[in-house]
Amino acid sequence: MLAAMLTLQRLRPDHEDALLAFERENRRYFSRFVSDRGDGYFAEFAARLHDRLAEQDAGVCHFHVVVDEQGTLLGRVNLVDVTDGSAELGYRIGEHAAGRGVATAAVREVCRLAAGTYGLHTLTAVTTLDNRASMTVLTRNGFVPVGETTVVGLPGIGYRRDLTAEQTRHPMESNK
Numbered sequence: 001m002l003a004a005m006l007t008l009q010r011l012r013p014d015h016e017d018a019l020l021a022f023e024r025e026n027r028r029y030f031s032r033f034v035s036d037r038g039d040g041y042f043a044e045f046a047a048r049l050h051d052r053l054a055e056q057d058a059g060v061c062h063f064h065v066v067v068d069e070q071g072t073l074l075g076r077v078n079l080v081d082v083t084d085g086s087a088e089l090g091y092r093i094g095e096h097a098a099g100r101g102v103a104t105a106a107v108r109e110v111c112r113l114a115a116g117t118y119g120l121h122t123l124t125a126v127t128t129l130d131n132r133a134s135m136t137v138l139t140r141n142g143f144v145p146v147g148e149t150t151v152v153g154l155p156g157i158g159y160r161r162d163l164t165a166e167q168t169r170h171p172m173e174s175n176k
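Using UniProt numbering, read the sequence shown as starting at 1 and increasing by one per residue.
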């Protein structure tokens with residue numbers, strides 16, 4: 001199973017080159033699901049990464065990269081806006097790894113980390129109504145729909161996961 005070969009790593013400064021390459025390689029693919037980040041995102045990537053690491057150090061966000069056995073970056077899984085035991089989940093998996101269980105395994109592992117390591121009790125997530133793959137990832141990981149919303153101007157749905165009864169099923173290896 002592919003998930004057994006994955007590692008979730010907390011974002012570090014030395015991920016910069018691989019993360020930038022990942023975002024550039026998948027820019028067109030990601031824009032099919034979410035609005036494009038624009039050229040400024042890439043031009044100012046180092047400064048943005050520095051800001052994300054400062055947020056992580058302050059405990060208001062937890063950023064992760066998903067890598068395979070060869071160290072290839074396959075995706076990102078983030079917990080943002082951490083407050084009062086809650087956070088919003090966001091993730092993106094590169095095109096070449098999509099549809100292979102990577103997102104499901106990575107979200108499963110970040111839920112485990114959220115409940116245990118980060119001490120969170122609730123996660124929320126949103127996706128557009130036309131992103132069936134994301135809906136599947138969320139429901140497979142115990143998220144339940146909580147209502148309609150708008151995501152970058154498109155009709156969407158909000159999800160919620162209660163982590164207080166967290167159960168771990170085949171977690172990915174975790175590097176902290």
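Beta carbons: idealized from backbone N, C-alpha and C, even for Gly.
The Cβ neighbour count for S134, taken over all protein chains shown within 10 Å, is at least 16; the residue is labelled buried. As the crow flies, the alpha-carbon of D57 is around 30 Å from that of V144. Per DSSP, the unbroken beta strand (DSSP E) holding L74 starts and ends at 73-83. Taking all protein chains in view, the Cβ of A54 is surrounded by fewer than 16 other Cβ atoms within 10 Å, so the residue is classified as exposed. Judged by beta-carbon spacing, V80 lies beyond the 9 Å limit of V151, meaning their Cβ atoms are not closer than that value. With contacts defined as CB atoms closer than 9 Å, H121 and G85 qualify as a contacting pair. Secondary structure of L11 (DSSP, three-state): coil. With contacts defined by Cβ atoms closer than 9 Å, E23 and F42 form a contacting pair.
Considering only V66, G99, F45, T128, the residue with the shortest C-alpha distance to G158 is T128. Cβ neighbours of V137 within its own chain (closer than 8 Å, five residues either side excluded): Y91, A103, T104, V107.
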